[in-house]
Amino acid sequence: MSFGDREDDVWGAMKPTFRPRVFGDPNMGYAAQMRNGTGRFARSITPSGSRHSDDAKATLARIVRKSPEVMVKVTGRKKGAKHLGAHLQYIGRHGKLAIETRDGEQIETKADMDRVADEWSDPLYWRQGTTVSAVAMVFSMPEGTNPETVKQAVRETAELMLGDNHDWLMALHTDTPRPHVHLTVQAEGMDRKRFDPRREDLFHFREAFAAALRSRGIEAEATPRYTRGQGKAGASMALTQMRAKILSGASKVPTEADVKQAREAMQVALGKAQQPAFVSKSRARWDDTRRRFEVAAEQLDKTGNRADRELARDVRAFLQERPTIETVPDRVLRKTEQRLKAGREREAQQPQRSVASPEKEQRQPQRQHEPQPPKRTPPARRR
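First residue of the sequence shown: 0, per numbering that gives the first Met the number 0; consecutive thereafter.
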């Protein structure tokens with residue numbers, strides 16, 4: 000089933016569009032590639048090469064039925080052999096875990112890790128200053144996903160997106176509820192081009208990772224947060240780790256970001272300030288997404304197919320659960336308003352201080368005129 004003329008409309012609500020910074024971008028060639036739809040990572044993740052090769056209806060079904068979303072992010076850029084060697088020691092858990100190479104070999108000893116770090120950093124000796132030797136990435140799936148399947152999907156994604164131009168290493172971690180794979184990519188390619196993934200590149204990695212998981216029987220999707228009615232995460236890995244320390248009790252010092260958000264939310268709750276501009280923009284974008292999904296549900300109802308009618312019902316239920324989008328400032332403001340309301344209720348429930356009775360007020364001035372006992376003066380000293 001196709002949405003016909005409405006397919007581009009609903010597809011635009013499910014997949015993001017990226018606008019290059021033509022001016023002010025130090026990498027003008029990258030901006031030109033984004034503008035022209037070319038470049039190393041601009042090719043489709045499927046052999047057909049069509050932008051809509053993945054059926055729009057199937058994508059919509061995975062969104063409204065809440066299929067797990069894949070996570071791909073850059074965790075750091077390693078500069079020099081020493082920095083890269085320490086990173087390999089970390090992902091290898093200091094020899095406890097095996098690190099797999101692109102060719103399927105396993106690296107376990109510190110000497111082998113240092114050798115790889117030196118090999119990846121040696122071609123950069125001619126560059127002035129410290130240069131990035133490798134880019135560290137993490138591929139993650141929610142709790143309950145088969146870890147071995149995640150590792151196989153990451154390997155397929157790396158082979159598809161990187162090819163033979165860049166060397167890479169990978170290590171599977173299962174010490175957290177979410178199985179995740181650390182992928183470390185050599186920055187200097189065989190063609191002397193640098194691996195420097197941007198937002199659009201990372202989204203292509205997400206799409207390839209989700210497609211590799213689906214080919215192995217695991218439902219997964221790669222969509223932006225606003226498509227699912229969620230605001231921006233707005234927290235870096237460092238901030239997330241600091242908040243985790245506070246929640247665990249390891250630290251009692253609030254982060255500067257949380258203090259700033261609380262202060263701004265208090266001003267908004269008291270009517271002395273307004274929400275940031277991006278909050279209203281997020282709501283407008285979610286309203287546009289809702290409109291496109293509602294039109295898609297109407298188109299599905301008109302096909303007469305039972306499966307399409309069920310999907311239309313699921314789309315409307317999905318929209319009913321999300322009447323509006325909640326951003327981080329909205330969430331902080333809601334909690335602040337709840338605290339203010341609770342404080343006012345406590346003040347209203349406290350008994351008022353007893354007012355002095357008129358009899359006490361009348362007795363008080365009489366006490367002022369009562370004769371006071373004479374003050375005792377010390378006797379005069381005799382010489």
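Every residue, glycine too, gets a C-beta built ideally from N, C-alpha and C.
Item, Value
"Tell me whether V180 sits in a helix, a strand or coil according to DSSP, three-state version.", "strand"
"Helix or strand or just coil, what does DSSP make of R284?", "helix"
"Indicate the three-state DSSP secondary structure (helix, strand or coil) for T173 in the structure shown.", "coil"
"Go to E99, then tell me how far its beta strand (DSSP E) extends in each direction, as first and last residue.", "98-100"
"Tell me the DSSP secondary structure of T323 in three-state form.", "coil"
"Helix, strand or coil for E336, going by three-state DSSP, please let me know.", "helix"
"Which value, in whole angstroms, describes the spacing of the CA atoms of S66 and E309?", "16 Å"
"Quick one: Cα of G91 to Cα of E220, how far?", "29 Å"
"Taking DSSP as the reference, what is the three-state secondary structure of A133?", "strand"
"Identify every residue that forms a DSSP beta bridge with S139.", "M70, H179"
"Consult DSSP for Q266 and reduce its assignment to one of helix, strand or coil.", "helix"
"Within a Cβ cutoff of 7 Å, which residues of the same chain sit near D313, ignoring the five residues on either side of it in sequence?", "V63, R64"
"Figure out for me which residue from T335, A243, L212 has the closest Cα to the Cα of V69.", "L212"
"For R193, name the three-state secondary structure that DSSP assigns.", "strand"
"With distances taken between CB atoms, is the gap from V153 to R76 smaller than 7 Å?", "no"
"Here's the rule I'm using: 16 or more other beta-carbon atoms within 10 Å means buried, otherwise exposed. How should V258 be labelled?", "exposed"
"Tell me whether D195 is buried or exposed, calling it buried when 16 or more other Cβ atoms sit within 10 Å of its Cβ.", "exposed"
"For V9 versus R205, is the C-beta spacing smaller than 7 Å?", "no"
"According to the Cβ coordinates, are M169 and L159 closer than 7 Å?", "no"
"Using the Cα positions of K14 and T226, report the straight-line distance between them to the nearest angstrom.", "8 Å"
"Sort A256, D111, T222 by Cα distance to R61 and report the nearest one.", "T222"
"What's the gap between the Cα of D174 and the Cα of D163?", "31 Å"
"According to the neighbour-count rule (16 or more other Cβ atoms, all chains shown, within 10 Å of its Cβ), is P141 buried or exposed?", "exposed"
"At what residues does the alpha helix (DSSP H) containing G11 begin and finish?", "6-13"
"If you run the structure through DSSP and keep just helix, strand and coil, what is R205?", "helix"
"For the alpha helix (DSSP H) holding H86, just list the boundary residues, first then last.", "79-90"
"Name the two residues that bound the continuous alpha helix (DSSP H) containing R227.", "First-last for R227: undefined, no H or E at that position."
"Measure the beta-carbon distance from Q185 to D200 and round it to whole angstroms, keeping in mind my assumption that it falls under 8 Å.", "The pair is not a contact, with the Cβ atoms about 16 Å apart (cut-off 8 Å)."
"Straight-line CA distance for K95 to T302?", "56 Å"
"Work out the CA separation of A243 and I106 for me, nearest whole Å.", "32 Å"
"Helix, strand or coil: how does DSSP classify Q349 here?", "coil"
"Where does V180 land, buried or exposed, given buried means 16+ other C-beta within 10 angstroms?", "buried"
"Which whole-angstrom value is the C-beta distance of T323 and I217, which I expect to be below 8 Å?", "Incorrect: roughly 31 Å between the Cβ atoms, too far for contact."
"Using the rule of at least 16 other Cβ atoms within 10 Å of the residue's Cβ for burial, across every protein chain shown, is F17 buried or exposed?", "exposed"
"Per DSSP, what kind of secondary structure is I106 in: helix, strand or coil?", "strand"
"Straight-line CA distance for M189 to A110?", "24 Å"
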